[in-house]
Ligand SMILES: C[S@@+](CC[C@H](N)C(=O)[O-])C[C@H]1O[C@@H](n2cnc3c(N)ncnc32)[C@H](O)[C@@H]1O
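In the working numbering, the protein residues as written are 46 to 260.
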């Protein structure tokens with residue numbers, strides 16, 4: 046599927062998919078949104094020192110980069126799923142590293158590293174990237190799920206009861222899923238599979254986001 050590079054309001058890049066009429070991030074700021082939803086309300090909210098994180102949709106690599114940059118003294122094993130990787134000519138142009146401490150080479154290593162293999166990218170960050178679709182992925186137990194699929198109206202099959210049941214099973218006790226989406230139907234579906242759903246303040250341009258807890 047064709048993807049076009051766009052600049053969001055905070056200056057960071059995102060991708061627009063004309064076939065879906067959908068962007069990879071909020072137009073109000075890709076980095077701003079990712080920091081709010083996945084880092085502050087995900088990574089930093091979990092008090093465990095050793096974290097297993099699962100990301101649904103590696104895409105541009107932004108969430109992986111920000112996680113690595115904001116680890117503090119936590120130790121993270123990061124698993125990310127991406128059945129439709131973006132082309133090299135696109136990821137080579139992404140400007141995320143200009144907003145962070147990492148250099149370009151380090152950011153590109155997330156894209157260029159081998160698939161289906163555990164890689165230690167720093168003392169406290171182990172990375173595993175798989176080409177699997179969510180429906181074919183069943184391995185492991187996680188403390189946090191970054192649920193970053195395309196919106197329900199664009200990719201409905203990612204937001205079903207069956208998918209959320211699987212997310213619930215893949216989480217450890219007291220683990221949680223975070224997502225930028227705050228639709229009523231998504232909250233109801235999450236509750237129907239036993240998640241305790243919190244509606245949190247959303248990033249700029251969005252009233253709310255969801256954190257769904259497994260108690
Ligand atoms: C909204 S984008 C976000 C990507 C990424 N987190 C980022 O920050 O760039 C959704 C991602 O989910 C991926 N995706 C689509 N279908 C999928 C599936 N069945 N399983 C896992 N990921 C999928 C897409 O290719 C895309 O990269």
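Just so it is clear, CB atoms sit at the ideal spot from N, CA and C, and this is done for glycine as well.
Distance between residue j and residue i (C-alpha atoms, nearest Å)
i           : j           : result
residue 148 : residue 61  : 25 Å
residue 240 : residue 188 : 14 Å
residue 233 : residue 162 : 36 Å
residue 135 : residue 46  : 13 Å
residue 242 : residue 155 : 32 Å
residue 165 : residue 178 : 23 Å
residue 180 : residue 248 : 29 Å
residue 70  : residue 250 : 12 Å
residue 88  : residue 81  : 10 Å
residue 182 : residue 144 : 32 Å
residue 184 : residue 142 : 31 Å
residue 199 : residue 152 : 28 Å
residue 109 : residue 172 : 9 Å
Bounding residues of the alpha helix (DSSP H) (the contiguous stretch that carries residue i)
i           : result
residue 152 : 149 to 157
residue 237 : 229 to 237
residue 213 : 206 to 215
residue 52  : No alpha helix (DSSP H) contains residue 52, which is instead part of the beta strand (DSSP E) from 49 to 52.
residue 270 : Because residue 270 is not part of the residues shown, which for the chain are 46 to 260, the question remains open.
Under 8 Å between C-beta atoms of residue i and residue j
i           : j           : result
residue 53  : residue 73  : yes
residue 79  : residue 107 : yes
residue 174 : residue 127 : yes
residue 170 : residue 116 : yes
residue 213 : residue 254 : no
residue 235 : residue 86  : no
Start-to-end residues for the beta strand (DSSP E) that takes in residue i
i           : result
residue 258 : 253 to 258
residue 124 : 120 to 126
residue 98  : 95 to 101
residue 76  : Careful: residue 76 lies outside any beta strand (DSSP E), inside the alpha helix (DSSP H) at 75 to 79.
residue 110 : Here residue 110 belongs to no beta strand (DSSP E); instead the alpha helix (DSSP H) covers 107 to 114.
residue 84  : No beta strand (DSSP E) contains residue 84, which DSSP labels as neither H nor E.
Pick from the options that is closest to residue i, judged by C-alpha positions
i           : options            : result
residue 217 : 158, 242, 97, 171  : 97
residue 210 : 177, 250, 258, 171 : 258
residue 56  : 172, 178, 140, 66  : 140
residue 121 : 95, 231, 245       : 95
residue 77  : 207, 124, 111      : 111
residue 83  : 219, 146, 49, 113  : 113
residue 101 : 49, 124, 221       : 124
residue 176 : 245, 93, 103, 230  : 103
residue 129 : 229, 190, 48       : 48
residue 238 : 215, 252, 245      : 215
residue 192 : 137, 260, 231      : 231
residue 119 : 59, 90, 64         : 90
residue 138 : 51, 236, 235       : 51
residue 66  : 229, 219, 196, 203 : 196
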